[in-house]
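Peer 1: One structure, pasted below without further comment.
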Amino acid sequence: STERERGGQQMGPRGPKRREKNRDAARKSRRKQTERADELHEELQSLEHSNSALHKEIAALKKELHLLTTSLERHEPYCLVLSLPCNFTESAKVNNTSLLTFFFFLFMYLNLN
């Protein structure tokens with residue numbers, strides 16, 4: 001073959017070996033690139049699944065919060081705790097709203113555990 005057919009390079013005794021090494025390196029590089037793309041795709045699917053599950057959990061918690069808030073609002077007019085006199089010192093007095101909030105979170109905590 002002529003020099004032109006060989007890409008303009010002089011072929012020595014190491015020419016075919018060098019070409020083969022280069023092909024192997026290129027093949028290995030493409031394989032690694034494909035593997036990395038596959039790993040990223042799997043990670044993306046896993047994150048999308050987690051994200052979807054978290055969105056469902058948020059929706060369920062918002063629904064529960066709405067139900068509990070509504071229940072608490074309906075209970076408030078009949079609540080005996082709110083009608084009890086406070087025996088706190090002036091610096092530590094608790095108003096009805098913060099007391100209501102405290103019992104709301106206590107109720108939520110007890111229901112979650």
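Everything in the sequence shown is counted per UniProt numbering, starting at 1 for the first residue and increasing by one. In this text, a Cβ means the ideal position worked out from N, Cα and C, and glycines have one as well. This structure is a prediction, so every number in the text was calculated from the model and none was measured.
1. Rounded to the nearest angstrom, what separates residue 39 and residue 73 at their Cα positions?
2. When you compare only the Cα positions, how much space is there between residue 105 and residue 79?
3. Give every residue of the same chain whose Cβ lies closer than 6 Å to the Cβ of residue 15, excluding the five residues on either side of it in the sequence, and list them in chain order.
4. Compare the Cα-Cα distances from residue 111 to each of 61, 18 and 17 and report the closest residue.
5. Between which two residues does the alpha helix (DSSP H) containing residue 30 stretch?
6. What separation, rounded to the nearest whole angstrom, lies between the Cα atoms of residue 19 and residue 29?
7. Would the beta-carbon of residue 71 be found less than 6 Å away from any heavy atom of the ligand ADP?
8. What would DSSP say about residue 105, mapped onto helix, strand or coil?
9. What is the rounded straight-line gap between the Cα of residue 22 and the Cα of residue 32?
10. Taking just the CA atoms, how far does residue 66 sit from residue 58?
11. Nearest-angstrom Cα distance between residue 53 and residue 68?
Peer 2: This is what the structure holds:
1. Residue mapping note: residue 39 aligns to position 39 of the sequence shown, counting from 1. Residue mapping note: residue 73 aligns to position 73 of the sequence shown, counting from 1. Those two C-alpha atoms are separated by around 50 Å.
2. Here residue 105 refers to the residue found at position 105 of the sequence shown. Here residue 79 refers to the residue found at position 79 of the sequence shown. About 16 Å.
3. Translated into the one-based positions of the sequence shown, residue 15 becomes position 15. None.
4. Indexing the sequence shown from 1 puts residue 111 at position 111. Nearest option by C-alpha distance: 61.
5. As a working mapping, residue 30 is identified with position 30 in the sequence shown. Note, residue 30: alpha helix (DSSP H), 15-75.
6. Within the sequence shown, numbered from 1, the residue matching residue 19 stands at position 19. Within the sequence shown, numbered from 1, the residue matching residue 29 stands at position 29. Each residue's Cα considered, the two are about 15 Å apart.
7. The ligand ADP is not part of the structure shown, which contains no ligands of any sort.
8. What you label residue 105 is simply residue 105 of the sequence shown in a count that begins at 1. Residue 105 falls in the helix class under three-state DSSP.
9. The sequence position of residue 22 within the sequence shown is 22, counting from 1. The sequence position of residue 32 within the sequence shown is 32, counting from 1. Spanning the two alpha carbons is a distance of roughly 15 Å.
10. On the sequence shown, position 58 is the one that residue 58 refers to. On the sequence shown, position 66 is the one that residue 66 refers to. For residue 58 and residue 66, the distance between alpha carbons rounds to 12 Å.
11. Counted from its first residue, the sequence shown places residue 53 at position 53. Counted from its first residue, the sequence shown places residue 68 at position 68. Answer to the nearest angstrom: the Cα atoms are 22 Å apart.
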